[in-house]
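S.K.:
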Amino acid sequence: MASEKTRAERNYEARVDLATAYRACNYYNLNYGIFNHITQRAPAKDREGDVMLIVPYGLLWDEVTQSCLIGIDFETGEVVEGEGKIAETANAIHRAIHRTRFPIDGTTSIMHTHQSYTTTLACVDDPEPFKFGLSQGSMFFYGKMAFDHGYTGFAHANDEGYRLAKEGMQLQLD
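Below, the structure written as structure tokens:
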């Protein structure tokens, strides 16, 4: 009979998965310098509760390893595992979305990337026609995409993350 994994083992596995996601997204050019984030909810290594794993601010995605990831306390927003700073916008938005969505639908990962097609769509004055689907492939997103016309730039407060989490679907900021 296999024994149940420890918190530290589950934390390590989440770190490996997250580092792999960063590297894969970098390989496919889904990053834009240091201004996008991927986060993973994981058990804290050596205390009760969960942490939000993220790359420290300033590290490029092709440099990410499981050991460099930092763990953020969901209540305080402070770094409690590893060393480094967290991007203020990632802390404000991702932590709030994790806290809101996990109890509802079990969300454990959030990816904020900059694909050229979504960046282009965000620059369109009136993206609403795109929600009706222009191709068979885009119909997969019908009714699953929300446009946020209230986006004003960098978020520095948890309220922005909670506002975005209410949508519960893929969100296009413009």
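Here the sequence shown is numbered in my numbering, starting from 1172 and rising by one per residue.
Just so it is clear, CB atoms sit at the ideal spot from N, CA and C, and this is done for glycine as well.
Which one of Ala1195, Ala1336, Thr1191, Phe1206 has the shortest CA to CA distance from Gly1324?
M.R.: Phe1206
S.K.: So what's Glu1252 in DSSP terms, helix, strand or just coil?
M.R.: The answer is strand: DSSP assigns Glu1252 an E or B state.
S.K.: In three-state terms, what does DSSP make of Ile1205?
M.R.: coil
S.K.: Please report the distance separating the alpha-carbon of Leu1201 from that of Met1223.
M.R.: Going by C-alpha positions, Leu1201 is about 21 Å away from Met1223.
S.K.: His1208 to Ala1190, Cα distance in whole Å?
M.R.: 12 Å
S.K.: Express the C-alpha separation of Thr1260 and Thr1289 in angstroms, rounding to a whole number.
M.R.: 19 Å
S.K.: How is the alpha helix (DSSP H) around Leu1224 delimited, first residue to last?
M.R.: No alpha helix (DSSP H) holds Leu1224; the beta strand (DSSP E) holding it covers 1221-1225.
S.K.: Closest Cβ-Cβ distance between Ile1243 and chain B: below 8 Å?
M.R.: Protein chain content of the structure displayed is limited to a single chain, and chain B is not contained in it.
S.K.: Can the beta-carbon of Ile1241 be found less than 8 Å from the beta-carbon of His1265?
M.R.: With a cutoff of 8 Å on beta-carbon distance, Ile1241 and His1265 are scored as not near each other.
S.K.: In terms of alpha-carbon separation, which member of Ile1275, His1269, Lys1337 lies closest to Arg1212?
M.R.: His1269
S.K.: Taking 8 Å as the threshold (C-beta atoms), are Gly1204 and Pro1227 in contact?
M.R.: No.
S.K.: Between Asp1276 and Ala1336, what straight-line distance do the alpha-carbon atoms span, to the nearest angstrom?
M.R.: 12 Å
S.K.: Answer with buried or exposed for Tyr1199, where buried requires no fewer than 16 other C-beta atoms within 10 angstroms of its C-beta.
M.R.: exposed
S.K.: Going by DSSP, which residues form a beta bridge with Asp1244?
M.R.: Val1222
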